[in-house]
Every structure is written in structure tokens, then in C-alpha cells.
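> Final position of the sequence shown in numbering that gives the first Met the number 0 is 732; the numbers increase by one with none missing. Yeah, the Cβ is synthetic: ideal placement off N, Cα and C, and Gly gets one too.
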Amino acid sequence: MNTKIIKLDINNKMYETITAKQGDTESRFLLFHLFDASLPFDLTEKSVRVYGIKADGTKIFNDLVINDVKKGYCTLKLTNQMLAIAGLVKLELVIYSGNKKLSSIPFVLNVISSLNSDDAVVSTNEFTALMNGLAALSEYDIYKSNAKQVPGIKEEVSNLSSQLDTCAKKDEIFSMANMGQDIKEAMTNGSVAVVGNNMILKENIVPNQINYDKTDFINTGKNLLNLKNIKYNCYIDNKGQLINNSNYITTDYIQFRKGEKINLSRKTDDGNISLRGIRFACFFNSNYEAISNLYYDNLSNIESLICNNEDVFCVKLTFLKGYADKNSMLYKGEEVNYIEEFHYLINELKPNHKIVEEINNIVSNIDVKKFIEDKEVINNANIIPFSLETNSVNFLKLTGNLLVLDKCLEGFYIGDNGIYYNSNTYVTTDFIQIKRGQFITLSRSNNGVITKRAIRTACFYDKDFNFIEFYDNPSSNNESLKCNSEGVCYVKLSILKGYYDTLTNLTYGNQVPSQVEKNKIELKNSNILNGKHIVGFGDSIVYGAGNSGYGIVDIIAENNDMTCENKAVGGATILKRTSNNIPKQIENYEGNPDYIILDGYINDCVLSDVLEVLGDVSPYYGGNFDNSTIIGQFETMLKYMLTKFHSSKIVYICVHHMSSRDDSKVKIVHDKIVKACKKWSIPIVDLYEEGQLNTTINIHKERYTDSGDSTHPNRLGYDLFYIPKIEAKLKTL
């Protein structure tokens with residue numbers, strides 16, 4: 000099964016195009032998380048349906064299953080009919096509440112043609128929502144008929160009560176473990192999977208939903224007392240139930256096995272550390288069922304809690320509420336004389352060595368030449384992936400050196416279409432995350448001097464690990480690797496086997512690091528830009544003319560996991576003397592971005608009459624401005640943006656000093672542009688005054704602009720001077 004989570008603001012356009020394969024059956028679902036602005040959309044007493052038009056004009060009107068009323072979660076099953084024909088399906092969600100109806104902004108489902116599609120499913124209209132409605136009316140008629148039989152039903156109820164007494168004890172507690180599957184399905188109306196603890200496989204887990212305690216590479220430190228997860232004002236009884244009591248707090252589950260002991264220590268105001276009493280403890284088995292006969296009730300003893308039963312899997316503890324602070328420590332083992340704060344630890348990542356051995360055994364028995372002749376060569380589908388994937392969780396990121404030696408495949412290089420070829424000269428990396436326009440550089444230390452080395456071949460892949468593009472460097476040029484293909488998410492690299500050691504760097508960016516980096520896995524920091532949408536308007540600087548059209552908003556989106564649209568055009572001006580002008584870009588744009596990056600005026604500065612048509616900042620906010628002048632048109636544009644994009648956060652960029660312009664004129668125009676931005680309260684990143692990039696200085700021109708043209712920053716120019724300042728400004732808004 001494949002479930003894709005989609006965050007959808009019902010009032011805003013969704014920029015993401017959803018994809019699915021033609022002919023897929025009972026396997027694809029869309030889990031919508033509905034928002035109204037930044038708040039979850041409350042679906043109490045509401046229903047949700049989808050209306051759609053397929054590529055052949057046939058229509059869809061189906062129900063969604065509401066999963067969480069308060070949080071706004073609902074699931075759409077992609078039925079046979081929705082995926083019957085390849086092409087774009089135009090969809091909109093419709094929310095009903097009584098006689099009221101609210102529709103989302105339309106979005107698109109791209110149904111990709113399937114190679115094995117036959118004509119078994121004929122595309123027709125599908126109206127399951129209407130059928131469900133008719134069924135509901137039929138059920139109502141049955142209800143009215145049954146209501147007349149109430150006297151007879153009373154007798155049936157009495158008989159059922161008697162039968163229940165013989166089937167179950169009245170005080171018996173029913174759990175998922177002792178209920179039949181038919182009861183579970185009846186409880187959930189058949190729409191929600193009912194599973195026990197520790198029954199979910201890796202492929203069933205929604206990405207970015209795994210907590211630390213479900214991994215094998217995140218542990219806590221010595222202190223097990225996580226103050227964020229304790230329950231206040233309650234104690235735990237012998238059945239595992241929480242009972243209200245303002246004197247106590249109770250922990251979450253703590254793993255606890257036979258032979259282990261747990262202590263509670265506390266530091267007093269004078270610095271002394273001593274053991275304290277655990278008041279209650281309830282033990283649980285591996286199915287998280289309470290083991291009542293092992294219940295620990297300690298009225299006054301100050302002692303360690305010891306596990307002597309092999310059926311115990313975990314425990315919940317209760318102790319005095321006054322111990323719930325940073326002066327207390329809950330830990331396993333012998334008594335200690337210090338207090339450690341609760342924290343997480345990241346274990347060293349290790350490969351699955353059994354899989355490595357299996358691959359090596361397979362490879363050693365392959366007649367590579369024969370396989371090539373028969374066109375049955377090893378490709379990605381034949382290689383078992385490593386089981387530990389840091390990008391499956393939402394709190395880790397790989398930093399530093401990307402060359403993880405234990406995850407490389409020795410004796411092979413990767414060729415076109417992701418095919419492996421036998422060669423003792425090379426090693427090939429595992430998948431490495433990369434984004435469009437991002438550089439990766441191979442470097443190596445020789446007597447302490449680090450220089451670039453050659454990446455021999457590379458294969459780029461999309462998010463589903465489908466091959467996109469092949470890179471071949473037959474001359475072994477010592478150059479950084481970069482991919483400009485749309486949709487690229489991963490890359491595999493082949494390098495010389497002699498570089499396969501701890502003296503080699505593989506790092507993001509096109510610069511050589513100052514030292515050999517180590518493999519690092521770090522906890523992700525919160526970033527307010529994550530998941531937001533950013534748009535760029537302006538000239539070639541925003542567009543990225545010096546970086547293959549990969550400009551300011553593209554790089555910021557890459558760095559911060561944002562979506563972006565780059566509407567800037569090289570040569571664009573503020574004045575509307577030609578069709579290539581910035582106001583036109585803004586007027587033609589339809590959308591409601593979270594952030595907007597804007598520049599302009601540097602191309603106006605090449606006009607022969609620039610100072611004559613410059614104009615002045617108006618003292619007024621109302622009325623019309625003089626659009627025959629640069630400043631008048633600029634004020635008109637700013638006012639229009641603040642009206643059209645009233646909820647967006649706008650940043651204006653004053654570009655760097657450049658030798659390709661008359662700086663005396665640029666200075667005059669710059670000062671009035673800044674004055675206008677301040678009048679309209681537009682935040683500024685002023686690289687002209689404070690950017691430190693000045694291409695009248697020859698080394699700046701040669702190193703930081705495209706082919707030394709002085710005007711257009713290359714990737715290094717963006718990364719060093721533009722991007723850090725702009726990102727810092729965006730994060731303050």
C-alpha cells in the first residue's frame with residue numbers, strides 16, 4: 000500500500016502535482032491534512048467529497064474517509080476509475096456541513112501511463128458519493144420499519160444480555176489482544192486497520208513519523224526521566240490504569256528486563272545526592288498488557304526496583320510529584336553520586352554486514368562478461384538496500400563527509416542507466432541525497448594539502464529511485480559534480496579505489512574544505528522556512544544567469560526544504576519602456592506565496608537618461624504616482640504588491656557593486672530605491688552598502704562572477720555573499 004500525506008490549505012493553491020500509476024488497484028491513498036490558514040480545519044459534523052474530471056472528460060464524485068475530526072485528516076482512495084486513463088485529473092475537495100458547501104482550490108493528479116496496462120478497466124463516470132447517499136436513504140427506510148417492532152426488540156435484548164453473561168465475566172477487561180477480528184472490524188466500521196503493538200513493518204510507516212524510541216540508533220543518556228513525557232496528578236494501579244491523585248506523577252513506558260534494577264536519586268539544595276522511593280510500579284509484557292500479580296506498592300522503603308520475572312518487557316513508575324524536575328534522575332544499574340540531565344544519544348551507524356556478505360558472494364560468482372553479452376547485468380534492482388535509512392526519520396541529517404566507507408561497493412563502477420560493471424579500479428557509493436543545481440565535490444589530503452579529485456561516473460535518480468541522467472568524466476577532470484535535471488533527488492558516484500580511505504572528502508558545494516571531514520549525523524534544528532513557498536521577481540541576479548538559471552530563490556529553497564517559483568527574467572527593468580519589465584512579472588503572477596524576493600533598478604541604470612527619469616519618492620500614500628519615472632513606477636509596484644500579496648513577506652535586494660555599471664549613477668538610484676522601500680516598510684538586504692562583494696576589485700570579479708563578467712554571481716558568489724544574508728533576513732520576518 001502507498002499512502003501519500005498532503006497538507007492542503009483550502010483557501011490557497013497547492014503547487015505540488017500528485018502522481019500515480021495507471022491501473023494500480025487497491026494500493027494508492029491520499030491522506031489529506033486540511034488547514035484553514037495555519038490552523039487545522041475542524042471537520043466536526045462535516046463530510047468531505049472529491050469532485051474530478053479525468054483526461055477523457057468522464058467525471059468522479061467520491062467520498063473521503065475522515066480519520067481525525069479535530070485535526071482535519073481525511074483519506075481519499077484512488078479507485079480503479081480514478082486511475083483508469085493516463086493524463087491529468089483535475090480535482091477539488093468539497094466539504095459539506097448541512098446545506099453549506101465549501102470547495103478547495105482545484106489541484107491536479109497526474110496519472111502516469113502504465114507499460115502493462117490492458118483494456119480491462121474502461122474509463123467511465125464514478126459517483127460513489129451519490130450511491131452512498133442513496134444507500135443512506137434506504138437504511139433510513141429500514142430504520143422506520145424496524146421502529147414499529149420495538150416491543151419485540153426489548154425481548155431480544157433481554158435474551159442477548161443473558162447470552163453475554165455466559166460468554167464473558169462482567170468484570171473482565173477486553174483489550175485488542177483478546178478481541179476477535181470480527182469485533183475489531185465492527186468497532187472501526189471496517190475502515191481502520193486494527194493492529195497490535197510492535198506489528199508495523201518499515202514499509203508501512205509514514206515518512207517522518209518515527210520517534211526516537213522506535214529506532215535502534217537513538218538512545219537516551221543515563222537519565223531516563225523525560226519530563227516532557229510524564230503524566231501529572233496521577234498514579235498507576237495494578238491494571239495499568241492511571242488514577243487521579245495530585246500527589247504523584249507517572250512515567251511513560253520504560254524498557255525493563257529480568258535482572259535489571261532502576262533507581263531514583265535526587266539532589267538537595269545543599270548538593271547532597273541520595274536515593275528516593277518509587278511509590279508504585281506496574282509491569283507489562285511484550286504486548287503491553289499489565290502483569291497484575293507483579294504490581295509494586297512501596298509505602299515507605301527507599302530501595303532499588305528490581306525485575307525478577309522473565310515475562311516483563313517494560314514498566315511504568317509512579318513517585319512524588321515534587322521529584323519531577325532537573326534535580327532528579329531515574330536510571331538503571333547501581334547507585335550513582337551525580338545527577339545527569341535527560342538527553343538523547345546517537346549511536347554510531349553501522350551497515351548490515353550480513354547483506355554486504357551476501358552481495359559479495361553473489362558478485363564473486365557472476366560471469367560479468369556473459370551477463371553483459373546477454374544484457375542481464377546487475378542494476379539497482381538487484382542490489383539489496385541497506386536497512387538503516389537516516390532520511391526515513393524526521394530528526395536527523397547527514398553532514399560533514401558524505402563518503403560512508405562501509406556503504407560503498409568495491410570492485411564495481413556505475414554506468415549509464417544505473418548498470419554496475421566489474422572493475423577492481425573503482426568503488427561506488429550508495430545513494431546520496433542531492434538537489435537540482437547542488438554541487439558535490441571530491442577532495443583528498445596529501446601531506447596536509449587538500450585538493451580536488453575526479454568523480455569518474457555518476458547516476459542521478461528521482462525521488463522514487465528511477466534513473467534520470469548519467470555523468471561520465473572520461474578525462475578524469477578534477478571538477479565538482481552538478482546536476483541541473485528537474486526532479487533529481489539522489490546520486491550514486493564511482494571514484495578510484497585509491498580514494499577509498501579516511502583521507503578523502505565527499506562534500507556538498509564546489510569548494511574544497513580546509514580539513515578532512517568526518518561522517519556526522521546530527522539532530523535537525525527547527526527552521527521556520529521549512530515547507531514554505533517562495534517566489535522571485537526581478538532581473539538576472541534573482542534569475543541566476545551566472546549559475547545556469549539556478550538563482551536566489553532556487554538556492555534558498557534547496558537549503559531550507561522549501562518550494563519555489565523563479566519568475567525573474569534577465570534584463571528586466573522597473574520602467575515599462577519594454578515588455579521585459581518587473582511590474583509585468585508581478586501582475587501576471589497568480590498565487591499566494593509565503594515569501595517574495597525582489598530586486599531591480601540595475602538595468603535601469605544603463606539608460607542614457609537614467610537620472611532625468613529617476614524621479615523622487617512621493618510624500619503621499621494615496622493617489623497615482625508618476626509612472627514615467629523609475630521611482631514613481633517603483634512605488635506603484637510596491638503598493639500593488641502589498642495589496643495583492645497582503646499576507647506574503649517581501650524582501651528587496653540591493654545588488655552588489657559592479658564594474659559593469661557607472662557607480663556614481665548607481666549610488667543615486669540606490670539611495671532613492673532604499674528611501675522608497677523604507678517608506679513602504681519593505682525589508683531590505685543591502686548588498687550594495689554591506690555585502691562585501693565589489694567586482695571593481697579584480698579578484699572578486701574573477702572568483703565570484705560568471706566567467707569574470709562582474710555582473711552575474713556564480714554559485715560561489717551566491718553562497719558566500721547573497722544567500723546567507725537573505726536567509727538570515729527571511730528568518731527574522
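#1: Distance, Cα to Cα, Lys320 vs Phe60?
#2: Quick check: the segment 283-292 against the segment 334-342, are there 3 or more CB pairs under 8 Å?
#3: For Asn98 and Ile111, I'd like the C-alpha separation in whole angstroms.
#4: Which of the three DSSP states is assigned to Ile467 in this structure?
#5: Just the Cα atoms here: how many angstroms apart are Val541 and Lys230?
#6: Check whether the Cβ atoms of Lys481 and Gly436 sit closer than 8 Å, and answer yes or no.
#7: To the nearest angstrom, how far is the alpha carbon of Cys676 from that of Tyr619?
#8: Kindly indicate which three-state DSSP category Asn98 falls into: helix, strand or coil?
#9: For the 8 Å Cβ check, are there 3 or more pairs between the segment 711-730 and the segment 637-654?
#10: Quick one: what's got a C-beta closer than 6 Å to Asp23's C-beta in the same chain, skipping five residues either side?
#11: Considering only C-alpha positions, which residue in the set Lys451, Ile630, Lys257 is nearest to Thr503?
#12: How far does the alpha helix (DSSP H) with Ala675 in it reach, from first residue to last?
#13: Taking contact to mean 3 or more Cβ pairs, one atom from each stretch, closer than 8 Å, check whether the segment 572-590 and the segment 533-552 are in contact.
#14: With distance defined between alpha-carbon atoms, name the residue in Phe318, Ser264, Ile301 nearest to Leu241.
#15: Under 6 Å Cβ to Cβ from Thr2, same chain only, skipping five residues before and after it: list those, please.
#16: Should the segment 416-432 be called in touch with the segment 401-408, which here means at least 3 C-beta pairs below 8 Å?
#17: Tell whether a beta-carbon distance below 8 Å holds between Ile725 and Ile555.
#18: Thinking C-alpha only, which one of Thr250, Ile253, Tyr234 is nearest Asn244?
#19: Once the 5 residues before and after Glu485 are set aside, which same chain residues still bring their CB inside 7 Å of it?
#20: With 16 other CB atoms within 10 Å as the buried threshold, where does Leu733 fall?
#21: If you draw a straight line from the C-alpha of Thr18 to the C-alpha of Ile65, how long is it?
#22: Does the distance from the CB of Val101 to the CB of Cys73 come in under 8 Å?
#23: Helix, strand or coil: which one does DSSP assign to Arg714?
#24: I need the straight-line Cα distance from Thr78 to Glu25, nearest angstrom please.
#25: Considering only residues of the same chain and omitting the five flanking positions on each side of Asn416, which have a CB-CB separation below 6 Å?
#26: DSSP state of Gly631, grouped into three classes?
#27: For the segment 604-614 against the segment 589-596, do three or more pairs of beta-carbon atoms, one drawn from each stretch, fall closer than 8 Å, so that the two count as touching?
#28: Quick one: complete beta strand (DSSP E) runs, 3+ long, within the segment 231-297?
#29: Taking the alpha carbon of Ser547 as the point to measure from, which residue in Asn559, Val609, Asn565, Lys730 has its own alpha carbon closest?
#30: With DSSP run on the structure shown, which of helix, strand or coil describes Asp8?
#31: If distances are taken between C-alpha atoms only, which option among Lys531, Glu611, Asp718 comes closest to Lys6?
#32: Taking 6 Å as the limit between beta carbons, can you name the residues of its chain near Val68, skipping five residues before and five after?
#33: Output needed for Asp471: all residues of its chain with C-beta closer than 7 Å, excluding positions within five of it in sequence on either side, in chain order.
#34: For Gly631, I'd like the list of residues in its chain whose CB is within less than 6 Å of its CB, leaving aside the five on either flank, ordered along the chain.
#35: Quick check: the Cα distance between Ser658 and Thr424, rounded to an integer number of angstroms?
#36: List the DSSP bridge partners of Asp35.
Let me spell this out:
#1: Each residue's Cα considered, the two are about 55 Å apart.
#2: Contact between the segment 283-292 and the segment 334-342 is absent, because fewer than three Cβ pairs lie under 8 Å.
#3: Using only the alpha carbons, I get a separation of about 37 Å.
#4: Residue state, collapsed to three classes: strand.
#5: When only Cα atoms are considered, Val541 and Lys230 end up about 51 Å apart.
#6: At the C-beta level, Lys481 and Gly436 come within 8 Å of one another.
#7: Looking at the two C-alpha atoms, the distance is approximately 14 Å.
#8: In this structure, Asn98 counts as coil in the three-state DSSP scheme.
#9: With a cut-off of 8 Å, the segment 637-654 and the segment 711-730 count as touching, because enough Cβ pairs lie within range.
#10: Spatial neighbours of Asp23 in its own chain (CB-CB distance under 6 Å, excluding positions within 5 residues in sequence) are listed in chain order as Leu82.
#11: Here the closest residue by C-alpha is Lys451.
#12: In the DSSP assignment, Ala675 falls within the unbroken alpha helix (DSSP H) covering 662-678.
#13: Yes, the segment 572-590 is in contact with the segment 533-552.
#14: Ranking the options by Cα distance to Leu241, first place goes to Phe318.
#15: Excluding residues within five positions, the ones whose Cβ falls inside 6 Å are Phe28, Leu30.
#16: Yes, since at least three Cβ pairs between the segment 416-432 and the segment 401-408 fall closer than 8 Å, the two stretches touch.
#17: In contact: Ile725 and Ile555 (Cβ atoms closer than 8 Å).
#18: It is Tyr234 whose Cα lies nearest to the Cα of Asn244.
#19: Here the set comprises Arg435.
#20: Residue 733 is absent from the structure shown; the chain starts at 0 and stops at 732.
#21: Cα to Cα, Thr18 sits roughly 22 Å from Ile65.
#22: Sequence check: residue 101 is Leu here, not Val. Cβ distance not < 8 Å, so Leu101 and Cys73 don't count as in contact.
#23: Helix at Arg714.
#24: Going from the Cα of Thr78 to the Cα of Glu25 covers about 7 Å.
#25: Correct list, in chain order: Phe466.
#26: The answer is helix: DSSP assigns Gly631 an H, G or I state.
#27: The segment 604-614 vs the segment 589-596: no contact.
#28: Counting whole runs of 3 or more residues, the segment 231-297 contains the beta strand (DSSP E) stretches 241-249, 260-266, 272-274, 279-283.
#29: Selected option, being the one with the closest Cα: Asn565.
#30: Correct three-state label for Asp8: strand.
#31: Comparing Cα-Cα distances from Lys6 to each of Lys531, Glu611, Asp718, the minimum goes to Lys531.
#32: Around Val68: Leu42, Thr43.
#33: Correct list, in chain order: Thr456.
#34: Within the same chain, Gly631 has close Cβ partners Gly614, Phe624, Asp625.
#35: Taken atom to atom, the span from the alpha-carbon of Ser658 to that of Thr424 is near 48 Å.
#36: DSSP, once it has assigned bridges, lists Leu38 as partnering Asp35.
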